[in-house]
Every structure is written in C-alpha cells, then in structure tokens.
Amino acid sequence: MKNTIRVERAKMDITQGELAEKIGVSKQTILSIEKGKFTPSTILALKIARFFNVKVEDIFELEPED
Amino acid sequence: MKSFTIFPMSNYKSKPIGLAITIVSLILLLIVSIHGALPFPSQANAEQQFDLFFAVATFGLYVIAWTKEKNEDERVQKIRAKAMQIAFGMFVIITLCPALVSIVADIQKHTSAINYSLSNVELIGICAFILAIYLVVFYIGLLFDPAWIYADDTVMVNMRKNKKFFIVYVLALIVLFLLIFIFHKK
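First to last, the protein sequences are chains F and G.
Position 65 (the first sequence) corresponds to 64 in numbering that gives the first Met the number 0; numbering is contiguous.
Position 23 (the second sequence) corresponds to 22 in numbering that gives the first Met the number 0; numbering is contiguous.
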C-alpha cells in the first residue's frame with residue numbers, strides 16, 4: 000500500500016518523531032509505514048489522516064498487488 | 000471493550016530487573032561451573048546450585064520477555080506475535096521430534112514401555128532456549144532494522160529479502176548453542 004505521509008509531513012514541516020509523538024506510536028512505526036513495510040490498522044490510519052486534516056484515501060492508496 | 004489475559008505483561012520498567020536477575024544468575028552459574036559449590040545456599044551441592052541459578056536465570060529471561068516496550072504500539076505487537084509464533088514452533092519441534100524418535104525406536108524394539116525422562120537441567124534448558132529464541136527474534140525484528148516487519152512469505156523468500164537478518168540470527172543461535180555447550184561441560 001502506497002502512502003503520502005512523507006509529503007504531508009513536509010507540508011506541515013514536522014519530523015517522523017514529532018508525528019509519532021502526536022499519534023502515539025514509535026518513530027520506527029512511522030518510518031515503517033512511510034517505507035511501505037508496515038500496514039497500519041484502521042484506527043492508526045484514521046488518526047494519521049485526522050492529524051493531517053485529510054481523508055484516509057488521500058494519504059493511503061492500494062497497489063495492484065494488494 | 001472487555002479483555003481477558005492469563006499472563007499480563009509488565010511495565011517496561013521491569014526490563015532492567017529481568018536483565019539484572021539474568022546477568023547475576025549467569026555469573027553465579029559460571030562461577031559454580033568453574034569453581035564448584037558456592038557458600039550460599041549452603042544446603043545445596045554444586046549440581047543443585049547449578050540447577051537453581053539456571054532456573055533463576057531462565058526466570059530472568061521470562062521477566063524480560065513478558066515486559067512491554069516503552070512504546071508498545073501495533074508494530075511492536077505484530078513483531079512480538081511473530082516472534083512468539085516462531086518460538087512456539089521451535090518448542091513444538093524440539094519436544095515432539097525426540098519423543099517421536101524414542102517412540103519409533105521403542106516400537107521397533109517391540110517394547111511396551113516408553114522410557115523418556117528429562118532432568119531438571121534439561122527441562123529448564125528447553126524453557127531457556129525457547130525464551131532466548133523468542134527474545135533474539137523479537138529484538139532483531141524491533142531494533143535491527145527500523146523498517147523491519149516479518150512477512151508471511153516462505154522461508155526462502157524471507158531469506159532472499161533479509162540476508163543480513165538470517166546471518167545475525169544464525170550467529171545468535173551459534174552463540175546460544177556455544178553457551179549451552181560451555182555450561183553443560185561441568
């Protein structure tokens with residue numbers, strides 16, 4: 000699953016660590032999600048979307064193999 | 000949402016306690032292996048002290064294994080679940096295989112009695128080995144690569160994707176077996 004978290008972070012000028020702290024997860028989890036290695040749960044995806052004030056489908060996108 | 004658990008995990012502050020218990024016990028174990036019985040506990044001989052310190056060290060590993068991370072988020076829980084799965088699989092293999100071999104051997108000898116008993120050290124050893132496997136797999140997954148996540152691929156696919164992990168895992172296993180060999184030669 001692709002995501003645009005890095006882009007959204009850049010828009011808000013915040014680091015992975017700061018985002019992780021706001022969402023309530025570890026920095027490694029945010030890194031894993033950005034690299035596409037870890038698929039967040041629905042709750043976590045909603046929290047991320049709410050933090051950036053966008054819709055979930057604006058940040059996360061299914062890939063053909065999904 | 001109500002939840003139920005039999006073995007709740009302790010706060011991350013318990014980890015140093017578990018580490019201290021394990022390290023002190025291993026040091027005492029080494030001393031007993033090399034120099035013989037210690038003055039305490041005075042009622043126990045060297046072999047009994049060895050068993051006792053080995054059991055306490057294993058308990059220390061259990062305390063570490065059942066301690067939460069500082070940030071116990073869903074990625075940590077997923078890695079933990081996978082590490083538990085791998086450790087449990089290893090447990091099934093190392094207990095089932097010797098028993099099956101023994102059963103087949105007994106059948107071929109046409110005997111009716113299955114004589115397979117484990118000493119204290121062997122029982123504790125199985126427990127310690129499985130806990131160590133779990134801890135190695137969990138902490139490699141957690142710390143070795145921040146973007147690491149175990150995938151439900153085949154072993155060959157995982158090995159191709161994560162060569163460094165398997166090298167470290169094999170090295171860790173070799174160290175474990177060496178420790179077992181060293182401590183067993185008493």
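Beta carbons: idealized from backbone N, C-alpha and C, even for Gly.
Values in this document were obtained by computation on a predicted structure and should not be read as measured data.
For G:S118 and F:E33, the rounded distance between their alpha carbons: Here the question's residue 33 of chain F lines up with position 34 in the first sequence. Here the question's residue 118 of chain G lines up with position 119 in the second sequence. The alpha-carbon atoms of F:E33 and G:S118 are separated by roughly 50 Å.
CA-to-CA distance, G:A36 to G:K14, given in whole angstroms: Position 15 of the second sequence, counted from the first residue, corresponds to residue 14 of chain G. Position 37 of the second sequence, counted from the first residue, corresponds to residue 36 of chain G. Rounded to whole angstroms, G:K14 to G:A36 spans 29 Å at the Cα level.
G:K185 versus G:G17 - alpha carbon distance: Taking the second sequence and counting its residues from 1, one reaches residue 185 of chain G at position 186. Taking the second sequence and counting its residues from 1, one reaches residue 17 of chain G at position 18. In this prediction, G:K185 scores a pLDDT of 48, lower than 50, which makes its location untrustworthy; the coordinate-derived value is nonetheless stated afterwards. Cα-Cα distance, rounded: 26 Å.
Within-8 Å CB hit, G:R79 to chain F: Taking the first residue of the second sequence as 1, we reach residue 79 of chain G at position 80. Cβ-Cβ to chain F under 8 Å: no for G:R79.
Contact set between F:L43 and chain G, taken where Cβ atoms lie within less than 7 Å: Within the first sequence, residue 43 of chain F is the residue found at index 44, counting from 1. Under the 7 Å cutoff, chain G gives E73.
Interface partners of F:V55 on chain G, CB under 7 Å: As a working mapping, residue 55 of chain F is identified with position 56 in the first sequence. Per Cβ cutoff of 7 Å: no residues; F:V55 is ~16 Å from chain G at best.
Under 9 Å by beta carbon: chain F residues contacting G:N70: Residue 70 of chain G sits at position 71 when you count from the first residue of the second sequence. A19, G23, V24, S25, K26, Q27 and T28, listed in chain order.
Cut-off 8 Å between Cβ atoms - residues of its own chain near F:N2, not counting five sequence neighbours on either side: Here residue 2 of chain F refers to the residue found at position 3 when the first sequence is read from its first residue. These residues qualify, in order along the chain: I32, E33, G35, I58, F59 and E60.
Simplified DSSP assignment, three categories, for F:T38: In the first sequence, the residue the question calls residue 38 of chain F occupies position 39. Three-state result, F:T38: coil.
Spatial neighbours of G:C126 in its chain, beta-carbon cut-off 6 Å, leaving aside the 5 residues before and after: As a position in the second sequence, residue 126 of chain G is number 127, starting the count at 1. So the qualifying residues of the chain are T57.
Distance CB(G:E46)-CB(F:S40) smaller than 8 Å: Translated into positions along the second sequence, residue 46 of chain G becomes position 47. Translated into positions along the first sequence, residue 40 of chain F becomes position 41. Cβ distance not < 8 Å, so G:E46 and F:S40 don't count as in contact.
Coarse secondary structure for G:E71, derived from DSSP in three states: The residue you call residue 71 of chain G lines up with position 72 of the second sequence. Coil.
Per DSSP, cross-strand counterpart(s) of G:T66: Position 67 of the second sequence, counted from the first residue, corresponds to residue 66 of chain G. Beta-bridge pairing links G:T66 to G:S9.
G:V136 beta carbon less than 8 Å from that of G:A64: Here the question's residue 64 of chain G lines up with position 65 in the second sequence. Here the question's residue 136 of chain G lines up with position 137 in the second sequence. No, the Cβ-Cβ distance between G:A64 and G:V136 is not below 8 Å.
Sequence-distant residues of the same chain with beta carbon closer than 6 Å to G:A171, five excluded per side: One-based indexing of the second sequence puts residue 171 of chain G at position 172. Result list for G:A171: V135, in chain order.
F:E7 versus F:F51 - alpha carbon distance: Within the first sequence, numbered from 1, the residue matching residue 7 of chain F stands at position 8. Within the first sequence, numbered from 1, the residue matching residue 51 of chain F stands at position 52. Computed Cα separation, rounded: 7 Å.
Whole-number beta carbon distance between G:I139 and G:F90, since they are thought to touch under 8 Å: Here residue 90 of chain G is taken as the residue at index 91 of the second sequence, counted from 1. Here residue 139 of chain G is taken as the residue at index 140 of the second sequence, counted from 1. That belief does not hold up - the Cβ atoms of G:F90 and G:I139 are roughly 19 Å apart, past 8 Å.
C-beta atoms of G:A86 and G:Y133 nearer than 8 Å: As a first step, residue 86 of chain G must be located in the second sequence, where it is residue number 87. As a first step, residue 133 of chain G must be located in the second sequence, where it is residue number 134. Closer than 8 Å, so yes.
Nonlocal neighbours in the same chain, by C-beta distance under 6 Å from F:K46, ignoring five residues either side: Start at 1 with the first residue of the first sequence, and residue 46 of chain F comes out as number 47. Cβ within range, chain order: I22.
Coil, strand or helix - F:K1 by DSSP: Counting from 1 along the first sequence, the entry for residue 1 of chain F is found at position 2. Note: F:K1 maps to strand in three-state DSSP.
Beta-bridge pairing of F:E62 - partner residues as DSSP gives them: Residue mapping note: residue 62 of chain F aligns to position 63 of the first sequence, counting from 1. BP columns for F:E62 are empty, so no partner.
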